[in-house]
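Chemist: Pasting in a structure now, in structure tokens, and then I'll have a few things to ask.
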Amino acid sequence: AKPTHTDSPGPIPTVIPTPPQFQEIGETGHRTLWVVFALMVLSSGFFAFMSWNVPISKRLYHVITTLITITASLSYFAMASGHATSFSCTPAKDHHKHVPDIGYTECRQVFWGRYVDWAITTPLLLLDLSLLAGIDGAHTLMAVIADVIMVLSGLFASQGETATQRWGWYAIGCVSYLFVIWHVALHGARTVTAKGRSVTRLFSSLALFTFVLWTAYPIVWGIADGAHRTTVDTEILIYAVLDILAKPVFGLWLLFSHRSLAETNVDVGGWWSHG
Ligand code: RET
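In terms of the numbering used here, the sequence shown opens at residue 4 and continues consecutively.
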């Protein structure tokens with residue numbers, strides 16, 4: 004029959020909005036951040052202690068390396084106490100194939116304090132390696148600037164709202180990272196030979212250790228922050244292990260080798276110390 008205005012309009016179609024999915028830190032992640040904070044403080048104290056009887060003119064690596072772990076302590080304190088973090092929300096697809104793909108928003112906790120840490124500490128780590136290899140100021144500066152662009156690209160990628168923003172910045176970061184490897188690892192392998200066999204051997208091992216470790220960061224970023232395929236806690240744990248290897252373990256290795264190998268000394272000139 005022809006409907007009239009007196010007929011019931013039927014059920015009103017309703018759209019139930021899908022609530023955003025939150026991915027955030029749990030107990031394990033929280034505890035991990037505090038543990039790494041403590042380890043970074045201990046390492047800073049230990050590195051400062053190691054420089055105690057070393058004349059100022061031979062303390063350049065000690066100063067740089069201690070600053071690296073002090074910076075990490077500050078950033079881990081911020082993250083563990085719940086600072087330096089925000090939620091980054093992106094449109095997500097439903098991974099479950101049996102339900103229609105309605106799409107929803109995924110909000111993942113991002114610790115932007117990491118990027119502040121990396122922007123300070125990765126240039127200092129590169130400085131340690133550049134001084135060891137006897138790389139000139141020009142190449143060191145180019146490497147440091149490419150490195151800062153790499154870290155800031157990672158920060159922008161982590162805050163991006165669209166796939167273009169996120170993966171675009173990620174790609175820019177990866178290209179910058181190639182410049183870093185070129186200027187420090189490849190160029191350094193050439194300049195270090197002037198410092199003799201022992202320093203060459205030390206630089207080769209340290210640089211290999213460094214760049215294998217560093218390459219894990221963009222891989223972890225892609226899986227965890229880019230594709231959201233791990234929990235926030237797993238991400239915290241993996242970065243914790245990498246950070247401990249890249250900072251305190253790297254520092255111990257460098258400072259102990261420096262102690263027993265006079266050829267690692269850097270000609271620091273009159274501005275650094277007068278004696
Ligand atoms: C990002 C994302 C963008 C592309 C690339 C990255 C590389 C990060 C690296 C970080 C190293 C950190 C270290 C911390 C010290 O403890 C920013 C993840 C290439 C190499 C060594």
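Beta carbons: idealized from backbone N, C-alpha and C, even for Gly. In this text the structure is predicted, and so the values were computed from the model without any measurement.
Any heavy atom of the ligand RET closer than 7 Å to the beta-carbon of Val215?
Modeler: No; taking the cut-off as 7 Å, the Cβ of Val215 has no heavy atom of the ligand RET nearer than that.
Chemist: For the candidate residues Leu248, Phe80, Phe259, Arg204, whose alpha-carbon lies nearest to that of Thr218?
Modeler: If we check each option's Cα against that of Thr218, Leu248 comes out closest.
Chemist: Using only the alpha-carbon positions, how far apart do Phe50 and Gly254 sit?
Modeler: Between Phe50 and Gly254, the C-alpha separation is close to 8 Å.
Chemist: DSSP three-state call for Ser156: helix, strand or coil?
Modeler: DSSP places Ser156 in helix when its eight states are reduced to three.
Chemist: How is Arg111 classed by DSSP in three states: helix, strand or coil?
Modeler: Residue state, collapsed to three classes: strand.
Chemist: Just the C-alpha distance for Ser316 and Gly273, rounded to the nearest angstrom, thanks.
Modeler: With the chain represented from 4 up to 278, any question about residue 316 goes unanswered, as that position is not in the structure.
Chemist: Quick check: Ala160 and Tyr173, are their CB atoms within less than 8 Å of each other?
Modeler: Taking 8 Å as the Cβ cut-off, Ala160 and Tyr173 qualify as a contacting pair.
Chemist: Give a single yes or no on whether Asp246 has its beta carbon closer than 7 Å to a heavy atom of the ligand RET.
Modeler: Yes, since a heavy atom of the ligand RET falls inside the 7 Å radius drawn around the Cβ of Asp246.
Chemist: Roughly how many whole angstroms lie between the Cα atoms of Asp178 and Pro58?
Modeler: The identity of residue 178 in the sequence shown is Val, whereas the question assumes Asp. Approximately 40 Å, taken between the alpha carbons.
Chemist: With C-beta atoms as the reference, is Thr233 less than 8 Å away from Ile226?
Modeler: Going by C-beta atoms, Thr233 is nearer than 8 Å to Ile226.
Chemist: Under 7 Å: does the beta carbon of Thr35 sit that close to some heavy atom of the ligand RET?
Modeler: Thr35 Cβ: outside cutoff for every heavy atom of the ligand RET.
Chemist: Per DSSP, which residues does Ser91 bridge with? Please list them.
Modeler: According to DSSP, Ser91 bridges with Arg111.
Chemist: Between the C-alpha atoms of Thr196 and Val202, what's the straight-line distance to the nearest angstrom?
Modeler: Answer to the nearest angstrom: the Cα atoms are 8 Å apart.
Chemist: Counting pairs of beta carbons, one from the stretch 151-159 and one from the stretch 111-124, are three or more of them closer than 8 Å?
Modeler: Touching, yes.
Chemist: When every heavy atom of the ligand RET is checked, does at least one fall within less than 7 Å of the C-beta of Tyr220?
Modeler: It does: the Cβ of Tyr220 is within 7 Å (strictly closer) of some heavy atom of the ligand RET.
Chemist: Residues bridged to Gln26 by DSSP?
Modeler: DSSP lists Arg111 as partners of Gln26.
Chemist: Let me check understanding here. Comparing Cα to Cα, which of Gln24, Val39, Tyr64 lies closest to Leu264?
Modeler: Minimum Cα distance to Leu264 is reached at Tyr64.
Chemist: Using C-beta distances below 6 Å, list every residue in its chain close to Asp236, excluding the 5 sequence neighbours before and after it, in chain order.
Modeler: Answer for Asp236: Gly29, Thr31, Gly32, listed in chain order.
Chemist: Give the straight-line distance between the Cα atoms of Ala41 and Ser91, rounded to the nearest whole angstrom.
Modeler: In a straight line, the C-alpha of Ala41 is about 28 Å away from that of Ser91.
Chemist: Less than 7 Å between the CB of Tyr79 and some heavy atom of the ligand RET, yes or no?
Modeler: No, the beta carbon of Tyr79 sits no closer than 7 Å to any heavy atom of the ligand RET.
Chemist: The ligand RET and Gly163: does the residue's C-beta get closer than 7 Å to at least one heavy atom of that ligand?
Modeler: It does not: the Cβ of Gly163 is nowhere closer than 7 Å to a heavy atom of the ligand RET.
Chemist: Ordered along the chain, which non-local residues of its own chain (more than five positions away) have a Cβ less than 6 Å from that of Lys250?
Modeler: Cβ neighbours of Lys250 beyond the five flanking positions: Ile71, Thr72, Ala75.
Chemist: Using only the alpha-carbon positions, how far apart do Gln26 and Leu45 sit?
Modeler: Computed Cα separation, rounded: 31 Å.
Chemist: Could you give the DSSP three-state label for Val57: helix, strand or coil?
Modeler: It is coil, neither helix nor strand.
Chemist: At a threshold of 7 Å, does Thr125 count as lining the ligand RET (C-beta to nearest heavy atom)?
Modeler: For the ligand RET, at least one heavy atom lies less than 7 Å from the Cβ of Thr125.
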